[in-house]
Amino acid sequence: MTVPEWLPIRDDLRPYEPYGAPQLDVPVQLNVNENPYGPSKATADDIAESLRVVATDLNRYPDREAWALRTALASYLGHGLGPEAVWAANGSNEVMQQILQAFGGPGRTAASFTPTYSMYPEYARNTHTRWVTGRRAEDFTFDVDAALALIAAEQPDVVLLASPNNPTGESLTLDAVRAICEAAPGIVVLDEAYAEFRRPDTPTALSVLGDYPRLIVTRTMSKAFAFAGGRLGYLAADPAIVDALRIVRLPYHLSAVTQTVALAALRHADEMLARVADLRETRDETARWLHEQGFDVVDSDANFVLFGTFEDRHAVWQGILDHGVLIRETGPDGWLRVSVGTPEEMAAFRDALVATLETLPTRQAATQEKA
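Going by my numbering, the sequence shown opens with residue 1, and the numbers climb by one from there.
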């Protein structure tokens with residue numbers, strides 16, 4: 001995209017392209033970490049009927065506080081939370097934007113540790129928040145000592161941490177969460193967008209929420225809940241934080257349609273999440289197969305696997321795409337990320353990767369040597 005010179009866009013935005021993963025019409029799409037198993041007929045029927053009812057009242061504004069939805073989300077999260085400690089918005093993207101609108105801004109600093117979610121610096125840019133990054137360890141694990149050093153040096157107003165981390169898949173320990181919360185002078189955000197995919201016994205930061213009043217735990221219904229098209233993100237935090245976000249939210253930011261559809265999905269939570277165990281198993285099978293092919297693979301608690309390394313990852317990505325499978329060219333140089341799909345989709349991915357490597361003899365030979 002080229003911004004014309006006559007357009008008086010903000011100077012700091014002029015060099016940028018719009019964010020977004022490729023949306024291509026290919027048979028197998030494994031690039032944006034969607035749940036491949038859609039809602040059942042029973043859930044779809046409930047959603048449709050709920051929409052029919054709310055449609056008769058669309059001449060009225062929705063509940064500005066989304067109280068019924070926040071009550072249902074609090075019940076789903078558990079941990080003794082009430083609706084006053086939960087906030088919801090149009091996807092976790094809007095949740096994050098509101099956090100930086102309230103707690104970032106001019107003269108303030110946000111920090112994170114790369115590689116991590118590529119939208120974090122864009123939230124900072126859009127809110128005129130200074131952005132600083134530390135690094136994870138060479139194996140992409142979270143380096144607590146390095147993180148504490150950066151926090152001591154920069155004194156960030158907001159620290160953004162993804163757990164499981166995107167694009168690597170690592171979850172943070174509670175000891176790491178506690179250390180960051182005790183050191184950070186401002187808000188600490190634990191982005192748990194992929195929390196439902198964690199391995200058994202992997203803790204959630206919700207369990208220590210009551211110990212740290214400046215801790216925010218964010219979630220989404222887009223991933224495990226098979227609700228990416230519904231656009232519903234939410235958070236749990238001290239009620240004072242929720243009230244601060246109410247100051248910066250736009251009036252009636254959650255439509256009656258969004259609230260109604262999300263409530264219907266939550267009524268079917270057990271069914272919507274029923275395939276999570278299957279996706280975990282397919283994830284682990286995919287990681288094992290990639291290891292067997294000689295690739296470096298990052299252990300993942302999410303519904304994706306990061307693997308590499310490639311001298312020319314774009315050529316590999318393009319080769320896989322040419323075989324009808326779309327994965328993600330993201331994260332550290334030389335690495336690719338594949339979302340976990342159905343067994344049939346993962347078989348198509350494996351076939352596409354093998355066929356692509358056959359056209360790249362140098363990488364193929366290196367893979368065989370490692371194997």
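Note that beta-carbon positions come from the ideal geometry of N, C-alpha and C, so glycine has one too.
In whole angstroms, what is the alpha-carbon distance linking residue i and residue j?
i: Leu-77; j: Gly-294; result: 39 Å
i: Leu-326; j: Glu-345; result: 10 Å
i: Val-340; j: Ala-226; result: 13 Å
i: Arg-158; j: Thr-71; result: Checking the displayed sequence, the identity of residue 158 turns out to be Val instead of Arg. About 27 Å.
i: Leu-206; j: Ala-111; result: 21 Å
i: Ala-66; j: Glu-122; result: 27 Å
i: Ala-176; j: Gly-233; result: 24 Å
i: Gly-319; j: Arg-60; result: 51 Å
i: Leu-13; j: Leu-30; result: 30 Å
i: Asp-278; j: Thr-342; result: 9 Å
i: Phe-113; j: Ile-180; result: 12 Å
i: Val-248; j: Glu-292; result: 50 Å
i: His-323; j: Pro-83; result: 47 Å
i: Val-242; j: Ala-137; result: 34 Å
i: Trp-317; j: Asn-166; result: 18 Å
i: Asn-90; j: Ala-195; result: 19 Å
i: Val-26; j: Ala-348; result: 12 Å
i: Thr-282; j: Trp-335; result: 20 Å
i: Leu-353; j: Leu-290; result: 10 Å
i: Gly-372; j: Thr-356; result: As displayed, the chain neither begins before 1 nor continues past 371, which places residue 372 out of reach and without an answer.
i: Ala-315; j: Tyr-212; result: 46 Å
i: Asp-45; j: Pro-39; result: 10 Å
i: Glu-285; j: Phe-304; result: 12 Å
i: Pro-62; j: Tyr-252; result: 6 Å
Under the rule that 16 or more other beta-carbon atoms within 10 Å means buried, what is residue i, buried or exposed?
i: Asn-375; result: With the chain covering 1 to 371 only, the question about residue 375 has no answer from this structure.
i: Leu-306; result: buried
i: Gly-229; result: exposed
i: Tyr-19; result: exposed
i: Arg-64; result: exposed
i: Met-221; result: buried
i: Ile-9; result: exposed
i: Gln-23; result: exposed
i: Thr-2; result: exposed
i: Leu-7; result: exposed
i: Ala-365; result: Low confidence applies to Ala-365: its pLDDT is 39, below 50, so where it sits in the model is not reliable enough to give any reading.
i: Arg-313; result: buried
i: Leu-250; result: exposed
i: Lys-223; result: buried
i: Thr-43; result: buried
Have a look at the DSSP bridge pairing and note the partners of residue i.
i: Trp-317; result: Bridge partners of Trp-317: none, in fact.
i: Leu-235; result: Trp-87, Thr-218
i: Leu-24; result: Answer by DSSP bridge pairing: none, since Leu-24 is not bridged.
i: Thr-258; result: DSSP, once it has assigned bridges, lists no residue as partnering Thr-258.
i: Arg-420; result: Because residue 420 is not part of the residues shown, which for the chain are 1 to 371, the question remains open.
i: Leu-190; result: Leu-161, Val-217
i: Ser-75; result: Note: Ser-75 sits in no beta bridge, so no partner.
i: Phe-307; result: Val-297, Leu-336
Roughly how far, in whole angstroms, is the beta-carbon of residue i from the beta-carbon of residue j, given that I think they are within contact range, below 8 Å?
i: Phe-197; j: Leu-172; result: Wrong, their Cβ atoms sit about 15 Å apart, outside the cutoff.
i: Pro-156; j: Gly-107; result: That pair is no contact at about 12 Å.
i: Thr-109; j: Arg-130; result: 4 Å
i: Leu-100; j: Thr-260; result: About 28 Å separates the two Cβ atoms, so there is no contact after all.
i: Arg-337; j: Arg-328; result: 4 Å
i: Ala-377; j: Ile-47; result: For the chain, the structure presents residues 1 to 371; residue 377 sits outside this window and is missing.
i: Ala-392; j: Ala-236; result: Past the edges of the chain, shown from 1 to 371, lies residue 392, and the structure says nothing about it.
i: Thr-309; j: Asp-299; result: Incorrect: roughly 16 Å between the Cβ atoms, too far for contact.
Discussion item. Pairs of beta-carbons, one from the region 205–221 and one from the region 136–153, closer than 8 Å: are there three or more?
Written reply: Under the Cβ criterion (8 Å, minimum of three pairs), the region 205–221 does not count as touching the region 136–153.
Discussion item. Would the region 188–204 count as touching the region 50–60 if we require 3 or more Cβ pairs under 8 Å?
Written reply: no
Worksheet item: Are the region 150–164 and the region 181–195 in contact at 8 Å, needing three or more beta carbon pairs?
Response: yes
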